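Take the position in the sequence shown, starting the count at 1, then add 568; the result is the number in our numbering.
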Amino acid sequence: MKRVFVVLGIVLILVGCAGTKTIKLPENITRDNFPNANAVVVFDSSVVDVQPDGKFLSREHAIIKILTMKGKAEYADQTFSYYTMYDTVRVIRARVIKEDGKIIDVPRENIKDVKIPAMSKFFLPNVRMKKITFPDVEIGDAIEYIVEDEMRAPPMENNYDAMVMFQGTDPILHQVYVLKIPMDVKWKVYNDEDGMVKYTNKNEKGKSVHIWEIKDVPGIIREPLMPAITDVAKKILISTVPSWKVWSKWYWGLCKDKFAVNDTMIAVMDSLLKGTKTKMDTIRAIYHYVADEVRYVGTTMSGKKGGYEPFPATKTFRQKYGVCRDKAALMVAMLRHLGIEAYTVLTNPAMKVEKEIPVDQFNHAIVAIKEGDWYIFSDPTVQFCKDLLAPYEQNRGVLVCTPEGEDLAYTEILPPDSNTSNVTAIFNLNEDGGFEAEINIVGKGMNDMGLRMLAKMLSPDRIKQIFEGSFQSMGSGVAIDTIIFSDPQDYTKPVNIKIKLSADEFALVQGKKMRFTSPFSGGSSVGISVGRGGGGDPFALEKRNYPLYLYSKSKSIAVERIKIPKGYRVVQIPEDYTIDSDFMTVKSTWKRKVRSIEHKTEFIMKKIEIMPEEYPSARKAMKEMQE
């Protein structure tokens, strides 16, 4: 089972180039004609010849023209990975096509077979790659390669599946994907919804030949907090796997013998369960042990189904490290020993898993715990999480792997109250216009995770620096005196932070009058949580081409009480306002008291995804709130 991400192109160019010393690409492929592109895919074709047992040979041929220095940096080196147990990659051709059409073949010493570089937590010596370093690439040149991938041992025997991308961040002039498959093999396809990818078929030498083709595809311009490229790009899905239930049973078969426990594990479980009273207490104790005590690290992919099957739970427990599937299998083994029905789950927290046909779109494994007619989901790779599943893993495809097989489902979308930020503050103004204040912060969901990460991963000085930066909009000379965290290792309650601070200049003193804005009006209420990850202000763009994906609904409440000095009285306060729509609610209320002002702001994000047609009104509401 191998995902194939391919783009295809102008087959006529390949024929015309045979035996020539120069190649003349179309002259209109320039930065002027493609102002947002760093490179243009001129020609990229893949032909995949599938055998009845799922083995295949694919050949990809691509020509890509470089338009900018960024494009050069991206394409001057090309890599093609493979896993030695399953497949082999061969470079058939690699060359540079200069702007004047001259051809420079890549020297053999520039084509290397190397180990995949170690990533932050993973070193996998049996995963290798072919690396092509194209020499003397300049802006205006093109690179060309022909690469074959021979699948000798498909992980799921007798089956083939592929997700084929027909769009990326660079424009594509012409793309074709050819599938040759035995006529008696049953297969399914899920085509792009708008029909831009054209389809034809024919019979050839006892095989059914299927051709998908597209021309003049614009590149996707990334936007802040947009969904994954795979969610919005044109694509097709192909599979010979009969159903998701078959897939579920197959993966159960890889895991079922990995759940044995030993005496040392039993002793640890006995220790963990001291003081627990309920089934949920037990689940949480096991979850936090695996999440916090077993490192998320990978060093090899061994076994007959390496890269898919987990290590035995006893090995992961002994080593105290493993990748997602290893940690999931360990948690399942411990729960099953304790009489709690649990299973391994395949998922992808970074992209949408299409349900229409069973195709390998997974990159992660978590845990399902049987609860009534459904499941509770838990991700033991996530640290600092009070809940069993990280907030950003809502509405994600999950395949629970059981002996009977399950259909693909999706994790629940939780209400805004599951992901909150609560800030309360008391500001004592002095006659000089400065203040002393105490701020209390409590989070839930994503915000609780963030506070725990601060407390456990950063130094006190760095934490102080972060909060002082956040509070600078309150006034000149803001200084934090103390920051006190509750125990971030106590997962029975939310993390609480108490901050004492002061500012020299906050209010403008004019004779007998004192003017000031709400301390939190500048955004210093520790923010409104609208999602995971960076990417800039999600509401900075005037319009969007793609949805704004916020990962979870959220709620933020900030309550501030401003005490004024003796001899002063409250003369004027802002008016209350409410903004309410299908996707958000904003409320700001003020109360005037004898020697104080109370201000409460409440922000509720009701959706996890705002569509492009909804975005202008959402942006307007956000800007009004910020003003």
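Cβ atoms here follow ideal geometry from the backbone N, Cα and C, with glycine treated the same way. Remember, predicted model here, so these are calculated numbers, not experimental data.
Among the residues of its own chain, which have a CB less than 6 Å from the CB of Phe602, if the five just before and after it don't count?
Val608, Pro739
In terms of residue numbering, what span does the beta strand (DSSP E) encompassing Met1082 cover?
Met1082 -> beta strand (DSSP E) spans 1081-1083.
Taking buried to mean at least 16 other C-beta atoms within 10 Å of its own C-beta, is Gly1013 buried or exposed?
Gly1013 should be labelled buried.
Quick one: using the 10 Å Cβ neighbour count with 16 as the cut-off for buried, is Ile597 buried or exposed?
buried
Residues near Asn963 by beta carbon distance below 7 Å, same chain, minus five either side:
Tyr978, Thr979, Ile981, Ile1176
Going by other Cβ atoms of all chains shown within 10 Å of its Cβ, with 16 needed for buried, is Arg663 buried or exposed?
Residue environment analysis places Arg663 among the buried positions, since at least 16 neighbouring C-beta atoms fall within 10 angstroms of its C-beta.
Inter-residue Cα distance where the pair is Asp799 and Gln929:
11 Å
If you follow the alpha helix (DSSP H) that Asn1015 is in, where does it begin and where does it stop?
1014-1025 is the span of the alpha helix (DSSP H), which, as asked, contains Asn1015.
What are the boundary residues of the alpha helix (DSSP H) that Val765 is part of?
Careful: Val765 lies outside any alpha helix (DSSP H) and carries neither H nor E.
For Asp621, report the span of its alpha helix (DSSP H) as first-last.
Premise fails: Asp621 is in no alpha helix (DSSP H) and is neither H nor E.
Helix, strand or coil for Thr808 per DSSP?
The answer is coil: DSSP assigns Thr808 none of H, G, I, E or B.
Give the straight-line distance between the Cα atoms of Glu706 and Lys766, rounded to the nearest whole angstrom.
Approximately 34 Å between the Cα atoms of the pair.
Run of the alpha helix (DSSP H) containing Glu725, from where it starts to where it stops
Note, Glu725: premise wrong, no alpha helix (DSSP H); not H, not E.
Going by beta carbon distance, what residues of the same chain come within less than 7 Å of Ala1075, once the five residues before and after it are set aside?
Leu997, Gly1001, Met1082, Arg1083, Phe1084
Answer with buried or exposed for Ile1165, where buried requires no fewer than 16 other C-beta atoms within 10 angstroms of its C-beta.
buried
Opposite Lys748 in the DSSP bridges: which residues?
Asp617, Val777
C-beta atoms of Thr850 and Leu841 nearer than 7 Å:
yes
Validate contact between the region 764-783 and the region 813-830 using beta carbons, cut 8 Å, 3 pairs:
no
What separation, rounded to the nearest whole angstrom, lies between the Cα atoms of Phe879 and Val610?
Their backbone Cα atoms lie some 44 Å apart in a straight line.
Using beta-carbon positions only, say whether Tyr728 and Leu805 come within less than 7 Å of one another.
No, the pair does not count as a contact, with Cβ atoms beyond the cut-off.
Please work out which residues of its chain come closer than 6 Å, Cβ to Cβ, to Asn1008, disregarding the five sequence neighbours upstream and downstream, and give them in chain order.
Excluding residues within five positions, the ones whose Cβ falls inside 6 Å are Thr992, Lys1066.
Could you give the DSSP three-state label for Glu939: helix, strand or coil?
Glu939 sits in a strand when the DSSP states are folded into three classes.
Helix, strand or coil, according to DSSP, for Thr979 in the structure here?
coil
Which residue from Pro1133, Pro1180, Trp818, Lys1123 puts its Cα closest to that of Lys1155?
If we check each option's Cα against that of Lys1155, Lys1123 comes out closest.
On the DSSP bridge assignment, give the partners of Thr992 in chain order.
Asn1008, Val1127
Beta-bridge partners of Asn1000, as assigned by DSSP
According to the sequence displayed, residue 1000 carries Asp and not Asn. Per DSSP, none; premise fails for Asp1000.
Cα-Cα separation, Leu914 to Val968
7 Å
Per DSSP, cross-strand counterpart(s) of Ser946:
Val935
Rounded to a whole number of angstroms, what is the C-alpha to C-alpha distance between Met751 and Ile1172?
55 Å
Taking the CB atoms as reference points, tell me whether Pro1087 and Met1017 lie closer together than 7 Å.
no
Reduced DSSP secondary structure (H/G/I, E/B, other) of Lys783
DSSP places Lys783 in the strand class (E or B) of the three-state scheme.
Arg1160 lies in the beta strand (DSSP E); which residues open and close that run?
1152-1160
Does the structure place the region 702-719 close enough to the region 664-675 that three or more beta carbon pairs sit under 8 Å?
By the Cβ test, the region 664-675 is in contact with the region 702-719, since at least three Cβ pairs between them sit closer than 8 Å.
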